[in-house]
Each structure stands twice: as structure tokens, then as C-alpha cells.
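Read the structure below first, then the notes.
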Amino acid sequence: MSTPQANPVSVLIIGAGPAGLSAAIHLKKNHPQLDVVVIDKASGPGHHNLSGAVVESAALERLLNPIDPNWQTSEQAKKVLIGQVQQDDLLFMAGQCAAFKILPAVHLAKALGLGFGQLSHRGDWICSLSRLTAWLCELAQKADVEVLHGFAAGEILWNEQTHLAEGVRLVDQGLDKEGHPQPNFLPGEIIPARMILIAEGCDGQIAEQFIQKAGLRRQCPQLFSLGVKELIKVSPQQYEAFGSGRVVHAMGYPLWTPLIGPGMFGGGIMYPMGAEQIAVGMIVGLDYPYYDFNPQDALTLFKQHRWVRRFIEGGKVVEGGAKMIPEGGFYALPRCPQTGSIGKSNVCILGDSAGFVNMLKIKGIHNAVYSGLAAAEAVGVNLDTPAAVARCYTRLLEENGVLKEMASAKNFRQTVAKFGPLQGLPLSVLGDWLPRFSVEPDWQAMRRRRYRLKPPVRFDKDTFTAVAGTTHREEQPCHLTIRDAAVCKEKCQPSYEAPCITFCPAGVYESIQGVVKPANPSNCLHCKTCQRKCPFDNIRWRCPEPSGGPKYKTM
Amino acid sequence: MSDYIVLVKQVPDVSQITDNAFDPNTGNLIRTRLPSVINELDAQALAFARRMAFLAGDQKARIIALTMGPPMAAEVLRYCLARCADTAILLTDKALGGADTWATANPLAWAIRKIAKEMLQDPQDYYIVAGMQSVDGDTAQVPPQIAEELNIPCVSYITDAQFQQGQFAFTRIISGGSQTVQLRRMPAVLTVAKYEYPLFASFQRTRQAAKTPLIQWDARTIQAKAIGVEGSKTRVIRVFPPGKTSRKCQPVHSAKELAQIIAQSLRQASADEQAQQEKGRPAYLLPARRKSPFDRSFEGTAKELADFQVLTQILEEMKITRLEGITEQVCEKILQDPRVDFHKKALEDMLEGYRQTEPTYKGEVWVVAEQDENGIHPAVFELLGKARELADSLEVQTGVVLAGKSVRALADSLIAAGADKVYLLEHPLLEPFDPFVWRKAVADVWEKYRPQIVLFAATPQGRVLAPMVSYRTGCGLTADCTGLDIRDSSRKKQIAILFQTRPALGGNVMATICTKDSPCQMATARPGVMQRLKDNPSRKGIIIPHPPALTAEDLSLEILRTEKGTGKVHFDSDCIVSGGKGMQNRDNYDRLLNTLCTAIRERFGVSVEKGASRTAVEQGFAERIYQVGQTGTAVGPKLYIAVGISGAIQHMIGIANTETIVAINTDPHAPIFKQCDYYLIGSAEQVIPQLAEELRTMG
């Protein structure tokens, strides 16, 4: 029954998403002798991965061609990739009935070389990110990468003297609610590693911890949006009418109506997901000011919009999920103040953990993949010089175009944040000519303003979390901390009525006898909105026992 | 220093079952639609084994995980290796597939023999630790059958272990309480009913587990005697979805409305009485009693029933009344008939079936009794009601095996409830219950009198005794039956055999099973499902003493103490008010349920008793004797009010016989709402005082 000794891992990758797996697959392919280990806090492949999603085909080609030139015709590809975008609708919703197609404007912008022209998806692959991730897991395992689910990193071990990361410590398991060890207590193991790639997704706990410990900086604070999404089983007629090669992006109602408000950044999406299922989602910039706003209410209103309703009316919600998106872009990339590297010495930050989302394209998976490939290459050329990996990785990101693309969208989101969608969107057309605006973090944007539109019935968060399949072991310490309960009581409740109760898509927060608490931590979807939108920055999310959280299958 | 062999099974993840997981035509589960996981109780068994080694301070103890299954079952072994197992053995072979519990227990026992001989520190000093049952089969048979094959003791339903003076003391669940026992001999089989602390995978072990080659044995390596379909002693006749619940599932919106429903339910004449008024066609008639030699209206499956109906009708139209009249020409004519959709071979089988008129099995129908200081277990009377019906159909007598220290006084109540004979097995060693002793005594009396059917109650006692007795006597066994019928399977030349219907996969499917290659048909039946007959004190029966030959050598357990709840619980009351986890604490449980019980008792003048879910008992809200459900007591009151109970299958099975079920729960998605008659969404703290008030003031 003895437990084996810990051998250092050559490369430890935190997070089995598109970025981490891309890195793992390529690393192992080029350097089979390395032990490449990917850990993930989810219970299984793809369970914590959620996106629209449309993925640029070039990214998949660069990722998959070297492993299998015929991947496009493989059985798995047919299952995972719904189709290539043939019809790309960009709508402007004016009120709850009218919708105008504004794609011609995008095409015009593209012709004029304006940044706005990037918002075109034709030829991209439509897929579910959970499924894509599960497929990549399979490919990684086939390539002899160790992909281990159910292991959550709790701490990165950073040596102040050597300026090298020495490994990670996993989170403790088997504590009871009060934090006492149970008979099955397993203290967080230490995984020593020579190099670490942080690819844990948006607002990652290890990434943020590492940024602190290693002294990385962002020029602007990271900005976030929250995406809430439902997968709706519709009738064959509805599905056919929608089409399996069409994606819809909608602006305007119910997030933004010129002059009379509301004035939020974001919009609705509709993607076909095969098997007569349509994904309907709502993405809302978290810099919104309305204390009584719940993005799920906007989703409800969007679903009731006449244009949308006809495709999904009478359908059944079979899955749901929520996830944040890092939208700050180029200026929010965490960099080493001295070298500019995204990461430091033997640690690189990949994908959404770094924030490689291009808001002009509203896409980031392609960059997650490219960042993974760059990291793999950087590791490969620095096997004997681990401390040089982060700089090499950053240089490769320059060379492979990721940073260039990020730079092309560098002002967009901040302009909108600064001036609001009404002035911001047209202004952002100026793109590169704009100066860098300083913006406030999302949580500071909350005002004593009410959201004007209200759906007739409250969103059913219980069903939402049920179809998301989220569970946690009940007997564990609460993974959500309210830093100062007095702030809730004395400041937040009197002025904003505790918005966490409203915006948390999983209904984790409740007011019990006047005290606001994370009363239902086991419903948590790991979106982390609470720690980014609490108007007093009073909530902290920490990784619970692994294998908890949602079980996305087609998100 | 003992070693541990942990038995694990890969099962479909029943918690993720959906409607589309079943083939709509056959009712079979489509395994690929569900993820495969380790059986939860086996995961607990693994943790329990490690806990035992830890308690004994045994650093050198080896933990060996053993599973039988298809190659993909290797996953559950990796689960074990990633936690604490030192070695993992996969027993896999096509020849082992399609096995029932008998043909599962046999090869596993042979594999254990091989392990003990070749891999253990001491081939006589080890524990076999397994989950009490699997979620897909729910039979709880394999571990006791392994014990029987190895001729070693079995301690079942264990919830805790202590290590005192160099020996383990195990706490286990018994009917209405718990018991602490020590083993008198080694090795032994232990089955774990609940151990809350399954292990977490360690990172280093997980990495190593993925790289460790598993030991793989096939059927030839282990030299087992009974394997696969051939070695099985039962066969599944058909699998079908359970009937849609006939419960009304109506929402109730106010305490006032609920009060009226309670009033209505308690005033209604019981369904029992209604049922007794309508008695029509007999349950079964032996072929010799039927009017026509071609009457085959008691076939076990719908298809055969239909085929025989067509055939009988054609023969009637052709005015053929005797078997000899069916010539080859007649056969050809039959096959040309447009109504016929069976082939020549089937027709030949059917005609052969007509020649069978003698029942396949001979002998009495038996029930094995179980008793405690309060007398015979109520489930025994229910079984006796069923046994009476079966025996009447078969035109044989009923017998009850009554075993204990001095139990003759109980015989009369059994005769009054339908027994023709009581086989009296009196011996001081038969009390308290030790399965190792009992199984010997019961198998001996079976050997002497050779009944054709033996029924056991599916209680904690019956569920360990029955598998051992059936294995010892070479009989197939079906667990936890909810339906038992005498039917024919004429085409298989079997007449008047026992069709045994039971839920499986956590109640998501039903299966009808028949015994094969056995001298007798054995089954355990769920308490609370069969109907007890009305007592008839003037009934006559005989008592046949059969003193068993037992010595102290036959004992396997030392019983240190037995804890039963104090006082007596009146589960035969008209109304039972049960509380679950949703009661939140003992104070709420006592205060709120007492309030409601009193209000109902005073208002309607009926008897009311409290009950509790297993969770409520585990949480200490109520004593074990109040537990209602599969491991507690099965109840069947007029009205059952479930407060703060989610509705786990084990609980719902225990209240299946209830006439009206009312549920109160805060969770709008509580499964119980789909299995009750009326439900109210709300917290106990709010609803109950209001409801009590309504009951007091209503007109």
C-alpha cells in the first residue's frame, strides 16, 4: 500500500483545454522521450469547456495536419465538427420584434481594411467545445500524453531565489465542511515539474497566483464578459429552417438600445449543434452598471425575440452552462515587466489564462491553439534551459501572428468600456489610431441603476444547473469566500441589494435571514463571475475538490 | 497480518440514466449510452479494506483488487490501483459472459483460491471485501455465494469496523437495528453496506496505475467449474420497462388543500378490501385441469401466449380435439394459415409442448421464516400468502421452515396464515442468527424433503441466507422479486414453473427470470409487496420436527451485542409520517412530526406512527427502528406522508404498498414528486404548523 515516490515531470500542463492539449500533443509528437502530463480539475474530458463555438479552420489544420493529414474525414471529426459556416448572419435587434442584417457593413469594413471587418466567420468550423476538447484528449492520449482528469492544482510553487517554478501543489481532498480531515483525507500532493504551462482557462486560479508571485503586469485590468448558453432540442422542421451551416450573432436588444438604454456590450448567439439541437447563448460584458441585472434574463428575452423564437419555440433545454470570457485583449496580457514575456522563466501562460481572445473576431480558440503550439515549440528548443522558455514562447507568439492579431484589436474593447457601446462601437472603427484608454475593472462599473427590461418569469436557475450536470462533494469546505461579511451588510445590501444573488448563473448566493452567503456552493459552475463582478470585490473563488463542477457534454 | 481481496464491478452509471438509454423495442439498456463507473459500494469496500489495514496497524497488508468483466472493466482496476490496491487482477474471457450470480460467484471463488495460494502472505488469513450489492443487479448474492463456494463465513451489511485486542469487531445492519460481531474463523467474506469515505485518487498512483500492466486471467487459468450461460442457474426470460407509476403526481398548493387530501385518503376504503371483492379467474390451472388438451392460456410470455392462441383456434376450427389428430397434412395447413407467423420448427416445439402435461417440478412450496423477540417477521406472512397462492395453483402443500432455539410457539401463527406444514428446526446454536449455521440447517431440511419452491424474505437476514442455501443446494436464485407467478413455457417443455419478476438497474427496468438446471426454484421477495392472507385460526396444519445436527464448529460469528431501537414501532398504523434529511435536525424531526402525528390522530381517530429515511437515521434524527425502506422496514399504510425525503429508490420500494403517498419537499426536482400521489413544494418548518392548524380547524 505504499505510495510511490514523486518523480519530477518534464512538462506539467495545467488544464486540458484546447491550449493545453495543443501544446501537449505537439510536444509529445516532437519529443516522445519527455513525460508530458496534463492535469484538469474536471471529472472528464470536456466537462469544463464551454464556448460558442466557431473555430478557424486554419487553426485546426495547423494543429491536426501533422498528426493525421486525413483528420477531416475521420469518424471523430465527423462527430465533433458540425459543419463549416456557410451562412453568417449578423443581426441588429431593434426591440423585441425587429431584426436587421448588418453583415454588409462588416463586408464593407473588411473591404476598407477596418478592424470591424474581422467579424466574419465564413469557412470556420462550427463545433461544441466540450466535444472538441474530448476529441483532443483522445488524440493526446493516443500520442502517449498523460491526460489526468480529477486533479486540481491549488498552488504554484515559485522559488523567489532562483526565479523558477518548482512544481504545483494539488488541492486537499477529504476535508469536512469545517476543514477537519476525514478518514479519507488526502493532503494536496506536490508535483515537481521542470516546466509548467498554465492553460487553465479564463481567470485561472494558478495563472492569477503566478502573476502575483512572479510580478507580471497587465497594462490594463482584464475585462470579462459572461456567456450563458443553453442547448435546445428543437423540431426537425425548426432545425432545417435554421440550417446546419449557419451561425447567428445578434447585437442590440435586449442589451443595448440607443439613447433609451440599456447600454451593455455583448449580444446573442445561435449555433446549430447537430441532432436537431441549437445552442442559444447570451454574452454580456461584465462592465454593466445595473445591480439588478442577470445575464440569464437577457438570454430569456433574446429567446423570446420574434426572430429567435420561431426556431426554438416548444423546444426542450437539454444542456446549459456559463463561462467567463477574457475580453481585455492585447493590453490585458500579463507580461513580465522586464522582458515582456507572457509568463516567466520556466512558466508560460496560454490561451484564455493569458487572454488571447480577439474581440474583433469574438474568437479565441484559434489563438489558444496557436499559443499551445508556440509553447510546445518553446519547450522543445529549451529542454536544457528551462528558464528561457517563457521568453522564447513570447517571441514565437510574435512570429506566428498571435500577438500581431491581438494588437490589431487592441483598443476595441477598452473603447467600448470607456465610452459605452453607443459611441464606443463607431469610435473603435478607428482602431489603431486610438490611444490606450485606461479603464476600470468590471466590478467598479456597478451603479445604482436598474435594468429596464424584465422577462415575465424569473430564470429557472435550478433547472439550468441540473442540465449543466454540476455536482460537488457536499462535505467539503466552501470554496467561495466572502472576504468581509460586514461589507455585504453595511455597503452592498443597502446600495445594490447583493447583486451576486442575481447575477450568479447557478444561484449559489442566497440571503438567509438577511445574511448573504454562498449557500449552495455545490451548484457552482466554475464561471467565477462572482469574484469579478461583486461591486466591492469582496468574493474569492478557490478551486474546490477536483471532479466537482459541471459535466458539459455539448457546450 | 491479514491481506485483503477487494471485489469490484464495473457498472453503468445509473445516476445518469435517461429515457433514451433504453431500446424502445426490447426494453434493453443500451450500455454505450451510459458511462461506465465503478460500483459505488465497491469503491466504499476498497476504502473500507484500507481502513481495516490502517486500524490493524498493518503496514504490510496487501490489497488485491479483483474484477470479472469485459476488457474495458480494466478501468475499475485502475481506479483501485490509483487509490490503494497493490495488485489488480482482471478475470476476462468470452466464456465467462452472460453469467448469472451463480456463474459469477463460482469463477470469482476459483480466482480467489488461486490468489490465496499464489499471492498471499498466508493462504488462510485474508478478507474478501465487497460492496453489499451492485447498482445494476441489486442482488447482493455474489459475495455470500462466494463464501459458500469457499465454505467460509460471510458478514454482510457492514457499516463499521473497530480493532480491539487484536481482532476486528464489525457493526452490521440487521432488521430493525444493528449488531456488532466478531469472526470465529478465517478467511471470511465481508460486504459493506455503507462506508462514507471513498478514497481519492493520488496523482503519483494514478500515473503509475496507467502504466502498470494488469494481471489478466481467463477461464482456463482459474479452472472454474460453472461459468457463463452454461453454468448459470437462472435465465432471463424478458426485460421490460417498469409500468408507468400509477401514482397521481398532483401538485398541491396550500396547506388547506393538503388537509382535505389527508382527510379523503384516510376515509377511503382500503384497496385491499376492494381487491378481495373482485376475484375472478384462477391465477393458474394445471394442464390436467384444463378443458382442452390444447389450452395453453398460461404461457409465460406474451409472444408464446399469442402463438398458442392462434394455434388453438385453428385446431378448434379444424375440429381437431386430440393430439393424434394432428397429422403432417394438418401441420402444413396450419403453417399456410395467414394468422400464423411462426415457422415450422416453432410449430413442432409447440406440438411437443402439448404433450407435456406434467409439472416440471414436484414437491411443496416453502417459505423460510425469520423471527425476533417480537415474533415472526411480517414479511414471512406476506410470503406465506404468496406461497399459498402458488401451492393452490400447483395443487401441493405449503411448508414453512421455522428455525431457532425454541420457536415451537410461533408455529400456530404460521398455520393460521396459510401453512400446511411447519418444519421445526430447534437448536440452541440457531440463535442468534449466524448465516453459517442457518444455511447448513436449512439446506439439510431441504435435502430431506425436496420442495419445488423456496421463498425467503429479502431482509438483511434473508438476503445473506438465501444465496448461501441456494448455492449449497445447487439451485438458482432470483433476488428481490416483486412478482411471482406459476406459468408454462410449453415450447421449452416446462410446465408450471415459477416466473420471477424483479426490478433491476435501480428500478429502471424489470426482468422476468426463470430457474434452470436446478432441483428447486428459489427466490427472495421484497417485504411489503406480497399480500398477507387473513388469519384463519381454525386452519389445520402439522408440525414436523427436524432437529438439525449442529456443533459449535459450525459457528462462524461471535455476537458481541445487538442494538435494536427501544420500544416498539407500530408500522402497521393507518398513517405513517416520515421525515428525511430535509428535517435538518433532530429537534425539527421530533417537534414537527409529533405535531403532525398528533393533529392527524386527534382529527381522524386513526393510528399514526413516525418513520424516517435512511439519511435521517444516519444523521441521528431518529433511531434505526424507525427506518422505512429497503434496509429498514417496508410499510403499507393507507396514507404515507414523506417530509423532506428526496425519494431514493431504496426508500420508495419500502413504501410501494401504500395507498396514498403525500410528499412535502423544498426541492421542486425531488424525485419523490414523480412517485407520489400529491406533493407540496415547501419547507417542513412552514408547511407543518399550517397543516396541523388546518387539520384542527377544518369542517
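Line order of the protein sequences matches chains X and A.
Counting in my numbering, the final residue of the first sequence is number 556, and the numbers go up one at a time with none missing.
Counting in my numbering, the final residue of the second sequence is number 701, and the numbers go up one at a time with none missing.
Every residue, glycine too, gets a C-beta built ideally from N, C-alpha and C.
{"Item": "Going by C-alpha distance, which of X:THR471, X:ASN412 and X:LEU454 is nearest X:GLN220?", "Value": "X:ASN412"}
{"Item": "Could you name the residues of chain A that X:GLY175 contacts, counting a contact when the two beta carbons are closer than 8 Å?", "Value": "TYR199 and PHE202"}
{"Item": "X:GLN85 by DSSP, collapsed to three states: which one?", "Value": "strand"}
{"Item": "With DSSP collapsed to three states, give me the class of X:ASN31.", "Value": "helix"}
{"Item": "Within the same chain, show all residues whose beta-carbon is closer than 6 Å to that of X:ALA377, passing over the 5 residues directly before and after it, in chain order.", "Value": "ALA24, HIS27 and LEU28"}
{"Item": "Give the interface partners of X:GLU147 over in chain A, defined as CB-CB distance under 7 Å, in chain order.", "Value": "ARG209 and ALA212"}
{"Item": "Kindly say whether A:GLU275, judged by its beta-carbon, lies nearer than 8 Å to any beta-carbon of chain X.", "Value": "Note that A:GLU275 scores a pLDDT of 48, beneath 50, so its modelled location is shaky; the value from the coordinates is reported in the next line. Answer no: the Cβ-Cβ gap between A:GLU275 and chain X never drops below 8 Å."}
{"Item": "Determine, for X:GLU179, whether the minimum Cβ-Cβ distance to residues of chain A falls below 8 Å.", "Value": "no"}
{"Item": "Less than 8 Å between C-beta atoms, sequence neighbours within five positions excluded: which residues of the same chain meet that for A:GLN276?", "Value": "Model confidence at A:GLN276 stands at a pLDDT of 46, short of 50, so the residue's coordinates are unreliable and nothing is read from them."}
{"Item": "Pairing CB atoms from the stretch 214-230 of chain X with CB atoms from the stretch 61-76 of chain X, are three or more of them under 8 Å?", "Value": "no"}
{"Item": "Check distances from the C-beta atoms of the stretch 656-681 of chain A to those of chain X and list, in chain order, the residues that come in under 7 Å.", "Value": "PRO670 and HIS671"}
{"Item": "Nearest chain A C-beta to X:ALA25 closer than 8 Å, yes or no?", "Value": "no"}
{"Item": "Use the C-beta contact count for A:ALA90: other C-beta atoms within 10 angstroms, 16 or more gives buried, fewer gives exposed.", "Value": "buried"}
{"Item": "X:ILE192 CB to nearest chain A CB: under 8 Å?", "Value": "yes"}
{"Item": "Rounded to the nearest angstrom, how far is the Cβ of X:SER11 from that of X:ARG195, given a contact under 8 Å?", "Value": "5 Å"}
{"Item": "Listed from N- to C-terminal order along the chain, which residues in the stretch 35-58 of chain A have their beta-carbon within a distance smaller than 9 Å of any beta-carbon of chain X?", "Value": "PRO37, ALA49, ARG52, ARG53, ALA55 and PHE56"}
{"Item": "Find the nearest neighbour of A:ILE602 within the set A:GLN632, A:PRO691 and A:PRO673, judged by alpha-carbon distance.", "Value": "A:PRO691"}
{"Item": "Is there a Cβ of chain A sitting closer than 8 Å to that of X:GLY559, yes or no?", "Value": "Because residue 559 of chain X is not part of the residues shown, which for chain X are 2 to 556, the question remains open."}
{"Item": "From which residue to which residue does the alpha helix (DSSP H) around A:ASN590 run?", "Value": "588-606"}
{"Item": "Hey, quick one: how far does the alpha helix (DSSP H) through X:THR503 stretch, first residue to last?", "Value": "500-504"}
{"Item": "Please confirm whether X:LEU300 has its beta-carbon closer than 8 Å to some beta-carbon of chain A.", "Value": "no"}
{"Item": "Under 8 Å between C-beta atoms, does A:PHE165 make it to chain X?", "Value": "no"}
{"Item": "Quick one: complete alpha helix (DSSP H) runs, 4+ long, within the stretch 598-669 of chain A?", "Value": "616-620 and 651-656"}
{"Item": "For X:VAL39 versus X:ALA141, is the C-beta spacing smaller than 8 Å?", "Value": "yes"}
{"Item": "Looking at A:GLY581: is its Cβ nearer than 8 Å to the Cβ of A:ALA636?", "Value": "no"}
{"Item": "Measure the alpha-carbon distance for A:ARG187 versus X:ASN185 and round it to whole angstroms.", "Value": "29 Å"}
{"Item": "Tell me the rounded alpha-carbon separation between A:GLU687 and A:ASN590.", "Value": "8 Å"}
{"Item": "Straight-line CA distance for A:GLN278 to A:GLU384?", "Value": "Residue confidence for A:GLN278 is low, a pLDDT of 48 falling below 50, so the modelled location carries little weight; the figure read from the coordinates is stated next. So the alpha carbons of these two residues sit roughly 15 Å apart."}
{"Item": "Since X:ASN185 meets chain A, which of its residues come closer than 8 Å, beta carbon to beta carbon?", "Value": "ALA49, TYR199, PRO200, LEU201 and PHE202"}
{"Item": "I'd like the span of the beta strand (DSSP E) that includes X:THR395, first residue to last.", "Value": "Element bounds for X:THR395: not the beta strand (DSSP E) but the alpha helix (DSSP H), 390-400."}
{"Item": "X:VAL509 to A:LEU307, Cα distance in whole Å?", "Value": "56 Å"}
{"Item": "Counting only runs that start and end within the stretch 102-166 of chain A, where is the beta strand (DSSP E) found for 3 or more residues in a row?", "Value": "128-133 and 156-166"}
{"Item": "Can you list, in chain order, the residues of its chain with a C-beta nearer than 8 Å to that of A:GLU280? Leave out the 5 residues immediately preceding and following it.", "Value": "In this predicted model, A:GLU280 has a pLDDT of only 48, less than 50, meaning its place in the structure is not dependable; the value taken from the coordinates is given anyway. Correct list: empty, nothing qualifies."}
{"Item": "Cβ atoms of X:ILE366 and X:ILE199: under 8 Å apart, would you say?", "Value": "no"}
{"Item": "Within 10 Å of its beta-carbon, does A:ASN667 have 16 or more other beta-carbons around it, so buried, or fewer, so exposed?", "Value": "buried"}
{"Item": "Quick check on DSSP: helix, strand or coil for A:ASN41?", "Value": "coil"}
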